[in-house]
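Peer 1: Counting in the numbering used here, the sequence shown runs from 230 upward without gaps.
Let me begin by handing over the structure; questions about it come next.
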Amino acid sequence: MAIFFKFLIIFLVLFWLARFFSRKINQLWAGTIGAAMQWITDNGARMMKFMFFLAGVLFLILIFQWSRTG
Numbered sequence: 230m231a232i233f234f235k236f237l238i239i240f241l242v243l244f245w246l247a248r249f250f251s252r253k254i255n256q257l258w259a260g261t262i263g264a265a266m267q268w269i270t271d272n273g274a275r276m277m278k279f280m281f282f283l284a285g286v287l288f289l290i291l292i293f294q295w296s297r298t299g
């Protein structure tokens, strides 16, 4: 399961980088993950943004700690 999450993180990073080089990938990003991030930026209060950031950091820490133990 940890391998799946690592590949998911790598995919998201590569997807984010590829959007700078391809118009089609940028449109795909803007309609999916980018749209969610824009919604948080527009509608989220400062505390909500902070909690999303902390949840993401905690998620990454847990994944990498879990992958080191197994």
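No residue lacks a Cβ here, since even glycine has one placed at the ideal position from N, Cα and C.
Which one of L289, Q256, W295, T261 has the shortest CA to CA distance from I239?
Peer 2: L289
Peer 1: Out of A231, V286, R248, A274, point me to the one whose CA is closest to G263's CA.
Peer 2: R248
Peer 1: Classify G263 as helix, strand or coil using the three-state DSSP reduction.
Peer 2: helix
Peer 1: Quick one: what does DSSP say F244 is sitting in, helix, strand or coil?
Peer 2: helix
Peer 1: Can you tell me where the alpha helix (DSSP H) with A284 in it begins and where it stops?
Peer 2: 275-298
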